[in-house]
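Undergrad:
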Amino acid sequence: MKAKNTGMYKVRTKIHLGFLSIDCCAESNFTDHRTNISWIEDYSWFPDRSTCQKIITSEKTQRLCDNSRVFTSRYGNIWCYSLPTVKNQVYIIRGTFLPWNRQVAERGSSFDILIGVTSIAKVVNTTKETEAEGIFRATSDNTNFCLVKEQGYPYISKLELRPLDITLYLTPESSRVLKLIHRVNVGSSTTEIRYPDDPYDRIWRAMSNTNQAEKWVSSVIINMDNDIRTAPPIQVLQTAQVHEENLVILHNDLETKNRSYDLYLYFLEHNKSIQKGQRVFDVYINNEKRQEIDIKAGGSNYKAVVLPFTADGFFNLTLTKASSDSPFGPILNAYEILQVRPLSEETLKEDVEAILKVKKELLKNNNGNNILNTWNGDPCLPVPWKGLSCNQSGNDSTITKLNLSFSKLQGPLPLAIAQLINLKELNLSNNDFTGVIQPFLYSSITSVDVSNNNINGAIPETFKSLPYVKTINRLSKGQELSKSEETGTNEVVTEKTSTPQFTKVLVIGTVAGGSFTLTALVIIFACCYKRKLKDARAFDEKGCQMTKSVIFSIPSMDDFVLEPIHIRNFTLEYIEMATKNYSILVGEGGFGSVFRGALLDGQEVAVKVRSDTSAQGTREFNNELELLSSIQHENLVPLLGYCCEKDQQILVYPFMSNGSLQDRLYGEAAKRRTLDWPTRLSIALGAAQGLTYLHTFARRSLIHRDIKSSNILLDQSMSAKVADFGFSKYAPQEGDSGASLEVRGTAGYLDPEYYSTQHLTAKSDVFSYGVVLLEIISGREPLNIHRSRNEWSLVEWAKQNIRNSRIEEIVDPSIKGGYHSEAMWRVVEVALACIEPYSAYRPCMADVVRELEDALIIENNASEYMKSISSFGGSNRFSMERTNALQQIAGPSEISSVAIQPTPPQPR
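Okay, structure coming up:
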């Protein structure tokens with residue numbers, strides 16, 4: 012916040028020293044000689060002196076201030092003081108409200124008091140001085156203290172902000188605001204104690220109601236083990252009330268609603284001769300025993316306790332001597348009652364910053380504009396500013412519409428509007444704006460109307476890359492706009508400008524049912540297929556694909572129904588915002604680091620950023636982008652978008668909340684959780700279905716080339732998603748050499764035949780998948796040189812144990828006794844078939860899926876399944892007889908005995 016005048020400079024000075032004290036409508040700054048606190052006037056916030064009113068009262072009391080600022084303007088219902096704060100610092104904030112006119116107050120004046128957007132109090136039809144105090148933790152560098160009108164005229168006389176260097180009231184993780192109800196110096200009856208005796212300027216007021224009790228005044232020195240900063244001032248603790256049996260304190264002024272409170276009790280033992288166990292008493296709140304107190308139990312003579320409670324209008328605190336063995340009755344020095352209010356979420360920080368910049372730009376040429384005068388506090392809460400519309404996105408409110416049409420605004424179009432990243436509709440029509448439309452930095456805008464202004468120039472080229480724009484109207488004054496032509500879900504928008512010969516048609520939308528004929532769709536698909544989906548995109552000089560709003564049509568496995576896949580082109584600024592500048596690292600891979608983030612619609616995402624040292628480069632980046640722009644399946648991780656800007660190569664996927672299969676099987680302890688056998692079997696089946704889709708896609712097989720447990724991700728429902736397609740390739744067709752220039756894969760998973768011959772087939776993925784199945788069964792990694800020599804390789808170790816019929820030896824101990832043996836054998840046999848050294852004897856993934864489906868049926872409903880196969884003579888799926896399966900693992904010479912027959916080659 013920049014200083015506008017001397018008063019604002021004083022704000023910065025005093026907040027640096029600790030306190031901010033505002034005397035509303037004061038003639039000048041001054042220092043209170045009683046407390047030595049410096050006070051400033053409030054014209055930096057509200058320069059209009061006509062809203063200042065002299066307080067009229069018959070009371071002959073000494074007042075610090077004798078004015079109230081009264082918000083009588085007919086424009087707006089909310090007025091705010093934006094106060095400089097330090098993020099995460101805890102503060103006391105206190106407002107004093109002196110009614111400026113008894114007759115007006117009696118007729119009715121009510122308003123809410125907010126800290127940020129959290130209500131802490133309400134002033135209703137009062138002719139007396141009212142004080143509202145709250146304790147809060149600042150969430151940003153500025154905090155609003157607001158008055159929200161209900162009826163009449165809101166008013167305020169003093170506003171005080173005090174930093175608290177203690178965590179007694181609010182812990183760092185607290186998401187609440189505390190409203191002061193009472194802060195009582197129990198042993199005093201007349202003196203009000205505050206700064207400088209209390210370094211935080213907490214105001215301790217005298218006791219007003221209790222039963223007959225003895226008052227003690229002592230000069231005893233505090234001997235405490237507790238942090239002395241949490242204690243009341245020594246002047247408060249040196250007075251107390253005691254009673255030989257019961258000390259009772261009553262309040263009947265709490266809110267009638269059932270509210271939550273915190274009670275803070277402070278005890279100091281004045282009698283030096285009292286030892287541990289001699290003053291023991293029980294604390295009751297509304298007749299419920301809450302705690303036993305022995306002040307000397309910890310070796311000190313001071314104790315402070317915090318007790319939460321709920322109440323409905325009435326509060327009864329009773330301190331009762333615990334037993335006849337305790338010779339001394341209860342004592343109490345001070346207490347506080349604070350009402351707990353949940354912290355209300357404010358508008359998204361980025362939107363607040365952007366709209367405040369818009370306001371600042373507009374005020375340069377529109378100072379005094381009635382609408383801008385109402386723009387105070389949070390732009391969305393408790394009600395949106397005039398001209399704004401907001402939506403709830405997760406826990407935040409976001410600005411989605413800005414309509415300032417017919418608002419008598421002039422000057423250049425505000426540049427900061429382009430920073431409203433959630434804006435969908437913009438209407439600045441029928442004003443006197445000049446200048447040009449600026450490029451937008453976001454992709455959610457759907458309509459822009461700047462007609463009937465004095466706008467020059469063309470629509471920025473960036474609008475053509477925004478996928479959701481439907482209408483753009485920038486007609487200047489004195490021109491006519493042709494009517495938009497609608498075609499189904501698309502909208503063809505004609506824009507006219509004052510520039511001669513400037514007429515464009517902008518078509519932006521998605522391919523949808525009524526937009527094109529079936530013939531057109533078939534032609535589009537044929538062209539895309541013929542070019543292998545490569546010619547639909549261009550590449551820049553860095554090798555990055557320049558796809559802006561990708562619309563691809565893909566065939567399904569059965570009927571080739573065309574479905575659109577939309578891949579978004581994110582700006583780097585958007586990525587940095589979504590990841591909070593890459594603050595949450597969730598993993599590292601061959602491509603680079605993976606960060607957790609959230610899109611503006613609330614969807615959690617995983618953002619994969621290529622590192623400078625990555626062995627994978629532009630080719631792998633473009634490969635994944637191309638393939639995932641062409642395919643989608645429920646068991647493949649979808650690509651949401653990408654960024655190729657400033658030498659950055661970034662891919663954006665949905666965030667998989669349960670991590671990878673590797674994490675869950677044998678990853679680091681923080682991620683590893685036991686997976687039961689049915690869940691493992693379901694994951695295996697899902698991954699197999701994803702691979703089957705790849706291998707049969709568009710009648711030309713796509714080969715993943717890096718199947719491993721770390722590339723099988725698990726969503727919130729534990730569904731498997733195959734990921735990481737940087738090494739994927741189309742399977743060789745007739746006429747291709749069949750040889751791959753580079754063998755790709757991961758040690759432990761790599762197909763030995765592919766490695767030795769460099770001939771790539773879909774059966775290479777099958778081998779890798781077989782290793783994954785062994786991981787699922789055993790919970791072991793594929794290679795581990797820290798084990799004994801014969802257990803280094805999972806494949807060889809598993810084969811040896813199965814050959815000797817020791818299946819129990821390879822089953823993960825964490826699932827033993829939790830599976831059906833028939834289902835387990837089926838999966839073991841599938842794994843054995845998949846890891847055959849020669850690809851010709853491995854099953855295809857479709858066969859694997861069918862066998863795993865049978866295994867899952869057995870596991871989920873074993874008795875019914877076994878009855879069915881005995882009645883019908885067995886499954887009509889291919890069979891894996893254990894005798895043959897066990898025989899064939901002895902060596903390559905016995906491969907011919909395997910019971911699984913290879914799937915015959917299918918005509919292409």
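In my numbering, the protein residues as written are 12 to 919.
Using N, Cα and C, we set each Cβ at its ideal position, and we do this for glycine too.
For clarity, every value in this text was computed on a predicted model and none was experimentally measured.
Among 836, 693, 345 and 663, which has the Cα closest to the Cα of residue 864?
TA: Looking at the Cα atoms, 693 is the closest of the given residues.
Undergrad: Mapping DSSP to helix, strand and coil, what is residue 855?
TA: Looking at residue 855 - three-state DSSP - the assignment turns out to be coil, as it is neither helix nor strand.
Undergrad: Which same chain residues, not among the five before or five after residue 690, have their C-beta less than 7 Å away from its C-beta?
TA: Contacts found: 729.
Undergrad: What three-state label does DSSP hand residue 808 in the structure shown?
TA: Here residue 808 sits in helix by DSSP.
Undergrad: For residue 100 and residue 55, I'd like the C-alpha separation in whole angstroms.
TA: When rounded, the distance between both Cα atoms is 24 Å.
Undergrad: Please name the residue, chosen from 35, 215 and 415, that lies closest to residue 8 on a Cα-to-Cα basis.
TA: Lying outside 12 to 919, the shown extent of the chain, residue 8 is not represented and no answer is given.
Undergrad: Any idea what DSSP makes of residue 822, helix, strand or coil?
TA: Reduced to three states, the DSSP call for residue 822 is coil.
Undergrad: With residue 706 as the anchor, note down where its alpha helix (DSSP H) starts and where it stops.
TA: Residue 706 -> alpha helix (DSSP H) spans 688-706.
Undergrad: So residue 845 is in the alpha helix (DSSP H); what residue range does that whole segment cover?
TA: First-last of the alpha helix (DSSP H) with residue 845: 832-845.
Undergrad: Counting only the same chain and skipping the five closest in sequence on each side, list residues whose C-beta sits under 6 Å from that of residue 263.
TA: Excluding residues within five positions, the ones whose Cβ falls inside 6 Å are 325.
Undergrad: With 16 other CB atoms within 10 Å as the buried threshold, where does residue 139 fall?
TA: With fewer than 16 Cβ atoms within 10 Å of its Cβ, residue 139 is classed as exposed.
Undergrad: Give every residue of the same chain whose Cβ lies closer than 7 Å to the Cβ of residue 644, excluding the five residues on either side of it in the sequence, and list them in chain order.
TA: Within the same chain, residue 644 has close Cβ partners 701 and 704.
Undergrad: Can you pull the DSSP bridge partners for residue 296?
TA: In DSSP, residue 296 forms a bridge with 299 and 328.
Undergrad: Excluding sequence positions up to five away, which residues of its chain have a Cβ less than 7 Å from the Cβ of residue 610?
TA: For residue 610, where only same-chain residues beyond five positions count, the Cβ hits under 7 Å are 589 and 616.
Undergrad: So the beta strand (DSSP E) residue 926 belongs to, where does it begin and stop?
TA: Coverage of the chain is limited to positions 12 through 919, which leaves residue 926 absent and any answer about it impossible.
Undergrad: Would you call the segment 182-198 in contact with the segment 154-163, where contact means no fewer than 3 C-beta pairs closer than 8 Å?
TA: At 8 Å Cβ cutoff, the stretches do not touch.
Undergrad: Mark residue 45 as exposed unless 16 or more other C-beta atoms lie within 10 angstroms of its C-beta, in which case mark it buried.
TA: Residue 45 is exposed by the Cβ-count criterion.
Undergrad: Could you give the distance in angstroms between the alpha-carbon of residue 489 and the alpha-carbon of residue 464?
TA: Its pLDDT being 49, under 50, residue 489 is placed unreliably by the model, and nothing is read from it.
Undergrad: If we ignore side chains and look at the alpha-carbon of each, how far apart do residue 30 and residue 49 end up?
TA: Their backbone Cα atoms lie some 8 Å apart in a straight line.
Undergrad: Rounded to whole angstroms, what is the Cα-Cα separation between residue 384 and residue 92?
TA: Between residue 384 and residue 92, the C-alpha separation is close to 13 Å.
Undergrad: So, at 6 Å on beta carbons, what are the nonlocal neighbours of residue 18 in its own chain, with the 5 sequence-adjacent residues on each side left out?
TA: At residue 18, the pLDDT of 32 sits below 50, so the modelled position is not reliable and the matter cannot be decided from this model.
Undergrad: Residue 584 to residue 591, Cα distance in whole Å?
TA: Those two C-alpha atoms are separated by around 10 Å.
Undergrad: So what's residue 369 in DSSP terms, helix, strand or just coil?
TA: Looking at residue 369 - three-state DSSP - the assignment turns out to be helix.
Undergrad: Per DSSP, what are the beta-bridge partners of residue 271 in this structure?
TA: 321.
Undergrad: Can you give me the start and stop residues for the alpha helix (DSSP H) that residue 607 sits inside?
TA: Not the alpha helix (DSSP H): residue 607 falls in the beta strand (DSSP E), residues 603-609.
Undergrad: Is it right to say residue 284 is buried, meaning 16 or more other beta carbons lie within 10 angstroms of its own, or is it exposed?
TA: Exposed.
Undergrad: Taking the continuous alpha helix (DSSP H) assigned at residue 768, which residues delimit it?
TA: That run of the alpha helix (DSSP H) goes 763-768.
Undergrad: Look up residue 29 in the DSSP assignment and say whether it is helix, strand or coil.
TA: Residue 29: coil per DSSP, three-state reduction.
Undergrad: Taking the alpha helix (DSSP H) that residue 384 falls in, what are its first and last residues?
TA: Per DSSP, residue 384 belongs to the alpha helix (DSSP H) from 381-384.
Undergrad: From 308, 124 and 742, pick the residue whose C-alpha is nearest to that of residue 707; which is it?
TA: The shortest Cα separation from residue 707 among 308, 124 and 742 belongs to 742.
Undergrad: I need the straight-line Cα distance from residue 216 to residue 35, nearest angstrom please.
TA: Cα to Cα, the separation comes out at about 24 Å.
Undergrad: Considering only DSSP beta bridges, list what residue 122 is partnered with.
TA: According to DSSP, residue 122 bridges with 134 and 160.
Undergrad: Excluding the five sequence neighbours on either side, which residues of its own chain have a C-beta within less than 8 Å of the C-beta of residue 257, listed in chain order?
TA: Excluding sequence neighbours, residue 257 sits near 222, 329, 330, 331, 332, 340 and 341.
Undergrad: Measuring straight from C-alpha to C-alpha, what distance separates residue 804 and residue 612?
TA: Cα-Cα distance, rounded: 46 Å.
Undergrad: Would the segment 294-306 count as touching the segment 358-378 if we require 3 or more Cβ pairs under 8 Å?
TA: Output reads no: the segment 358-378 does not touch the segment 294-306.
Undergrad: Whether or not the segment 101-111 and the segment 139-155 are in contact is what I'm after, with contact meaning three or more pairs of Cβ atoms, one per stretch, closer than 8 Å; do they touch?
TA: Contact between the segment 139-155 and the segment 101-111 is present, because at least three Cβ pairs lie under 8 Å.
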